[in-house]
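Number of protein chains: 4
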Amino acid sequence: MPTAPCEKMAPMGRLLTETIEVRGHIIDSLILPKILDKLIDAGADYEMLDVDIGKTNKDPSSARIAVTADDGILDVLLDDLRVHGANRVEHVDAVLVEADADGVFPAGFHSTTNLETEVLVDGAWCRVTNPEMDCGLVVDDDGRAHTIPMHRVRAGDRIVVGRDGVRVQTPARPEGAGTFEFMNSEISSEKPKGLLIRQVAERMRAARETGGRVLLVTGPAVVHTGAGPDLAALVEAGWIDCLFTGNGFATHDLESNVLGTSLGVSLAEGTPTEGGHSNHLRVINEVRRWGSIEAAVEGGYITGGVMYECVRRPIPFVLGGSIRDDGPLPDVVTDVVAAADAMRDNISGVEVTLMLASTLHGIATGNILPAGVETFCVDINHAVLTKLADRGSHQALGIVTDVGLFTRDLCAALA
Amino acid sequence: MPTAPCEKMAPMGRLLTETIEVRGHIIDSLILPKILDKLIDAGADYEMLDVDIGKTNKDPSSARIAVTADDGILDVLLDDLRVHGANRVEHVDAVLVEADADGVFPAGFHSTTNLETEVLVDGAWCRVTNPEMDCGLVVDDDGRAHTIPMHRVRAGDRIVVGRDGVRVQTPARPEGAGTFEFMNSEISSEKPKGLLIRQVAERMRAARETGGRVLLVTGPAVVHTGAGPDLAALVEAGWIDCLFTGNGFATHDLESNVLGTSLGVSLAEGTPTEGGHSNHLRVINEVRRWGSIEAAVEGGYITGGVMYECVRRPIPFVLGGSIRDDGPLPDVVTDVVAAADAMRDNISGVEVTLMLASTLHGIATGNILPAGVETFCVDINHAVLTKLADRGSHQALGIVTDVGLFTRDLCAALA
Amino acid sequence: MPTAPCEKMAPMGRLLTETIEVRGHIIDSLILPKILDKLIDAGADYEMLDVDIGKTNKDPSSARIAVTADDGILDVLLDDLRVHGANRVEHVDAVLVEADADGVFPAGFHSTTNLETEVLVDGAWCRVTNPEMDCGLVVDDDGRAHTIPMHRVRAGDRIVVGRDGVRVQTPARPEGAGTFEFMNSEISSEKPKGLLIRQVAERMRAARETGGRVLLVTGPAVVHTGAGPDLAALVEAGWIDCLFTGNGFATHDLESNVLGTSLGVSLAEGTPTEGGHSNHLRVINEVRRWGSIEAAVEGGYITGGVMYECVRRPIPFVLGGSIRDDGPLPDVVTDVVAAADAMRDNISGVEVTLMLASTLHGIATGNILPAGVETFCVDINHAVLTKLADRGSHQALGIVTDVGLFTRDLCAALA
Amino acid sequence: MPTAPCEKMAPMGRLLTETIEVRGHIIDSLILPKILDKLIDAGADYEMLDVDIGKTNKDPSSARIAVTADDGILDVLLDDLRVHGANRVEHVDAVLVEADADGVFPAGFHSTTNLETEVLVDGAWCRVTNPEMDCGLVVDDDGRAHTIPMHRVRAGDRIVVGRDGVRVQTPARPEGAGTFEFMNSEISSEKPKGLLIRQVAERMRAARETGGRVLLVTGPAVVHTGAGPDLAALVEAGWIDCLFTGNGFATHDLESNVLGTSLGVSLAEGTPTEGGHSNHLRVINEVRRWGSIEAAVEGGYITGGVMYECVRRPIPFVLGGSIRDDGPLPDVVTDVVAAADAMRDNISGVEVTLMLASTLHGIATGNILPAGVETFCVDINHAVLTKLADRGSHQALGIVTDVGLFTRDLCAALA
């Protein structure tokens, strides 16, 4: 019988004091206040040992804080503060424990953030190659560290346990981020949109110039609203380096190419086509007959659209399956764990992510991206953007607008 | 090379006339007007050959209508009208074509609605056992017909092709449906909620008394809003016969039992727990160690909550995987096609479905339920309910309210 | 002491039967079914005496229905059905009662719909000149009838009481209304927007060609989203014949002209201007100094924008006051009853109404428009459109999209 | 011809440096970071002259900052920072200018925040009696200062102009505010509601115990959702000291008492009543006949409900008119400027404000309340709460839930 290592609530005990330090733009990036906020909320006492606030806004600041709290909560509290880049001053090597079963971490495993992370192994700080939140940390025999999602752990893997020997860094504030930063806390529909769109275009241009990749995550509303051709043009022109989406988007993109409809609604007339409610099924059925989207493109069945341009350019795409899928298309990765892994295999080098009207795939992508990736989420529904932010994509900028009109204008801004 | 049987648009040709008939409460259930509406929108001409309107509201009505339209669209138009229960007067046997490949329908396959359906085989009408929308119809060697989703078809299956020999029936209007029918077109948040909740409770009672099953589809917000114990009480008291949900709900339900939090927020205090952001991961990890939720219940790791009550009673549950899942729990069906099939295996006899704050699993369930199942969708976000209705769950009643408060009150109304 | 003529609930009594008739496109416009629906919901029995359904879709239909119901409800029920164009077969003169106090109708006053209405006075049907919902009907000494809002009635006015002698007509279905009719029941954000915008433009063109007036009702979000110049261009080019709005829109329109900001946010940069939070107050203050918007335009203080173009062209505008107004501007009609009357004075001849992101003024305008006016409501928030529809603007087409992008594209489509 | 004192943009000139100071819990209340944020966004340079961070969380902190910026923006920038409690170190008397016309401020008038404010007159700091945002500051002949809305200024009033001699204080963080503070930044529907409701009840109890008044602002949805009796019970039990609402709420409250319906929908059955669409008009008409709500209560026409309890207890109420009002009721203040003034006359001593499903009156109330008043806004629509926050009610806590269920539970929690 396995033991249950997560106790309901640790018994309160004696008071302990430990020192943390934090450095960087900790005042104007709100880091220090958030840390003090957490300390107060947790009922901890603190003493500022040393505060060095940059004399001008070019200089970084630093602070050392002695935190006093109950034995039962000090550890989790300090662990929690790591999200804000606050690290313990005294460093000891990370504790490594071998997993004793496939797909299960050792009890007390270190749970990761999506920040840049280092692990202290044999006295040396070792950079984690692929920051991802809600994972474990595995240290190879040669001392290299990387994140590992729970399902991939294998018996014998050396997993970091507890809080010792792990430190993180918050991302620097991007240059000229004024507007976006402001928007971030607002996610309002009442903003000048033309301007915003030009700024998104600039970021995409900047990424391309420095060799960064642009990831597109999209839902079917882009096709329904008539912006499919604009998106296809973006892919054709080389603005998109990778696509994550689902069966729905790909199907309606193909349906619009083969039959001129999206969910049976004529994109030229805006009216439902007679018999159109089964159009998407017929197109899925034929692509299944061909065996793959690529085969259907090469065979001439598909002659345009986003998926066509992805095949032609080519750029990699992952169609992640969902329980509501019709068909599905033969390219859909129906195992969701395998699909998330396929996405992980494709995010290296991504610097900008564009999420268009996609709740499910948007959240899934946000789950695996490192904190430094600039992410623009576009949706007409304010609640969707709140949900994305709640699920951890804190670095995302939410833009409340019509995704069809947005895409068309972005396409024009990049032309 | 396969042929592409869905042509972009059939060429317009000569005018054809065919007669359809429709019977039942076609006036007061809006069926006849909707049919005429479709005909006008399609540019068809019609002549009312015979209209027999029930003299009183106890009597059914019937109408025969000669429809004249272009050769190119008459067939699809008449096919479309079948959704409204309008059938061709002249019946000929359904055309059966053998599938020539696994997972692919013959070209021109008959695409199903979720209405009661019959197929004319060798001159006899044969009832389809499991109506489901967006499927094909397969006729066994012994003449029995059933729906089949695309991925399940096997080479050699005899599939109905075209529109001949298939007829459907719209569901009767339920007794005393006044309120709900009215609400259906409104989905408004500005309605007296106490009353609505009592009526949902009455429907659940009525289903139980007649041996009908009640299906629960739920999302994690029920746990976040503190209504988990109420839902668990409903399961314990035998009000729920089957549960469809995902990794998120099950995880937070277990987390709330083991650690008293939901996504790290204390359900007793409403405040984030220090270190709580990884609580759900730790619980998933332990349940993976046990091997299944059932094993974790039996081993004493899980001592209460909705999943616990499901195991104890027992009632069947399907945890359908999603690409955004952490972990996932060992019980999650990670292949989405297999998950949908597992859901199909559990809907026989369901008469009432309760969907609580669940977009993904709600739509997936709506996809496979027959039209006659009464479905109540509760969500605080109006747009979610619109999306559910758009995706085909037309028979669903949307209730815009706080799912936590709703569940607590429903529990009280059923106590 | 006045008597209270609205009793809580009339006592149930003997059954009465009365005959109603309805004619027109009563099948394909869903009128007959809705009537039967109401009868059933009310627990009334009915008998179809005579149904003449048009043989083709060019022919109107008619039906005569004998309705049997309780003495206590038959009258209100038949009154209710008048909304759907169902009139009593037996016509007697309308009963006229003199109002005995200013601003108060006689008990039992006939409450109007917004449909075309006729009153039977001395055996002759007399057309009501200005249909408006929720008003009374006054008959002049010369036998002419018009609607009158409650606050305008004067002691001695002859007011129609009860249900006799009043008949109404539902508007005909506009030619080629297919798309819009479809949308009406959907109000979905997932529709091709470019198409919709072109269709709105066509309707505005059609109205202009036939001498119909176009009414604009707008809220401040149009300015915030940067579409003010587009709207000003529409006014300048003569597409708008009348403007209803409030202090907020006018203020931000002027602020954007004088200071380049909207609520202090720079429209060129998208960023808040230092000190900008009081910009709108400063502009209001200066316009108050000038005495009116017109004076400020003529004096050269205002040199562009929507209000400027309204003054220049000129077209009439009504700035209806609201309890949340800052200032307000000197042109604002601060008495809301007077403001609604000013709006009533300006709706004659209006055929198309465009409502842009305006809940308050949109509902107020919907309250006073006759049923036949085509109304397009644009808002990014689905709930606002539902609220407009709930409040009686049934003839309105809701378009869920970004009002800034919509306005810019409408401007382009009309250029 | 008046001069136009708001120039489009001041010309850029020489750099100036001025020192500001800020003190209090400036780190853990995020004040200092926000100030530095503003400085950076404005392109200003700063130097920290003196930072004294409290050694423990019991000690206040203080900072002196030398700000260097362009001549053209330094003044407005420092003015802007006053919102965050940052005051200039060098104090000179406020500049007073006499208004030269009724209803118009002198050019360059000081525009107020809703924070505690003091004015330096003749070398002495004088406390402003009634902080209100977006007003001017008038200094009486006896040296006392108060805010004045623009429309109330009279020629000869001495108005503060510019930024000299005015300082403000941010409100202290309330004790035990942990939960609410956290929620404030979230406004999420996915929170345990029972807990929140108990906390709102506690605040109301605390206010009552210390002699603070509780202000209720409500919209008609409370009646539509069936929670009218609960709200009436709160008034009867003395939990509410003042009511701000509109014609709609009062009408439907009265309608529900007289006829048992709300907008014609039976509150007992949830179904529309035949003839019910004019119920509210009939009730308004009768109350107009009585002359006032109070007269109708005393005459026995109104026998229960919220307005009845307000008259009986009695507590003051303001019915602010709106351009969409039917009738209106005789008690409605139809002039919106007079209505806002009536509200101003009733907010003295208010410590807790409860806003229930009221956008218009909620924003109007938020406009006139001082920053220190705790405000709870309840609405099912997330966007409404965002709008309230955007309009300046920053101290408000938004609760996304069903207002009917909330009110019933709040009533139970206070029983």
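Chains as they are written, first to last, in my numbering: chain A, 5 to 419; chain B, 5 to 419; chain C, 5 to 419; chain D, 5 to 419.
Beta carbons: idealized from backbone N, C-alpha and C, even for Gly.
For residue i, which beta-bridge partners are listed by DSSP?
i: E102 of chain D; result: D:R162
i: C314 of chain A; result: DSSP, once it has assigned bridges, lists no residue as partnering C314 of chain A.
i: D329 of chain C; result: According to DSSP, D329 of chain C bridges with nothing at all.
i: D339 of chain C; result: D:D339
i: C130 of chain B; result: B:V123
i: V323 of chain B; result: Reading off the sequence, residue 323 of chain B comes out as Leu, not Val. Answer is B:T249.
i: D83 of chain C; result: The partner list for D83 of chain C (beta bridge, DSSP) is empty, contrary to what the question assumes.
i: N91 of chain A; result: A:E25
i: G140 of chain B; result: B:I152
On the DSSP letters alone, give me the boundaries of the beta strand (DSSP E) that residue i sits inside.
i: L401 of chain B; result: 400-404
i: R171 of chain A; result: 170-173
i: D74 of chain D; result: 65-74
i: L373 of chain B; result: Note, L373 of chain B: premise wrong, no beta strand (DSSP E); not H, not E.
Below 8 angstroms on the Cβ atoms is my contact criterion, and I expect residue i with residue j to pass it. Report the Cβ-Cβ distance as a whole number of Å.
i: V407 of chain C; j: T229 of chain C; result: 6 angstroms
i: A205 of chain A; j: A417 of chain A; result: 4 angstroms
i: R263 of chain A; j: N283 of chain A; result: The sequence given here has Leu at residue 263 of chain A, not Arg. About 5 angstroms; that satisfies the 8 angstroms criterion.
i: A103 of chain A; j: V164 of chain A; result: Actually they do not touch by this definition, with Cβ atoms about 11 angstroms apart.
i: T338 of chain C; j: G325 of chain C; result: 4 angstroms
List the endpoints of the continuous alpha helix (DSSP H) containing residue i.
i: C415 of chain B; result: 407-418
i: G232 of chain D; result: 232-240
i: D41 of chain C; result: 35-45
i: E378 of chain A; result: From DSSP, E378 of chain A is part of no alpha helix (DSSP H) but of the beta strand (DSSP E) over 378-383.
CB residue i to CB residue j, shorter than 7 angstroms?
i: V172 of chain D; j: T133 of chain D; result: no
i: D257 of chain C; j: V218 of chain C; result: no
i: Y50 of chain B; j: I77 of chain B; result: no
i: V377 of chain D; j: T357 of chain D; result: yes
i: D162 of chain A; j: L82 of chain A; result: For the sequence presented, residue 162 of chain A should be read as Arg rather than Asp. In this structure, L82 of chain A does not lie closer than 7 angstroms to R162 of chain A by Cβ.
i: L85 of chain D; j: I39 of chain D; result: yes
i: L323 of chain D; j: A231 of chain D; result: no
i: A361 of chain C; j: G268 of chain C; result: no
i: G242 of chain C; j: E355 of chain C; result: no
i: V226 of chain A; j: L220 of chain A; result: no
Using only alpha-carbon positions, find the residue among the options that is nearest to residue i.
i: H365 of chain B; options: A:C381, A:R328, A:H386, A:L333; result: A:R328
i: G107 of chain C; options: C:H95, C:G160, C:D63, C:R148; result: C:G160
i: D146 of chain D; options: D:C314, D:D74, D:A128, D:P153; result: D:A128
i: M154 of chain B; options: B:L141, B:R148, B:G166; result: B:L141
i: R2 of chain C; options: C:V301, C:T265, C:K38, C:V322; result: Residue 2 of chain C falls outside the range modelled here, since chain C spans only 5 to 419, and no answer is possible.
i: P334 of chain D; options: D:W294, D:A344, D:A342, D:L414; result: D:W294
i: R412 of chain C; options: C:I201, C:I403, C:L267; result: C:I201
i: D56 of chain C; options: C:E25, C:D75, C:M311, C:Y312; result: C:E25
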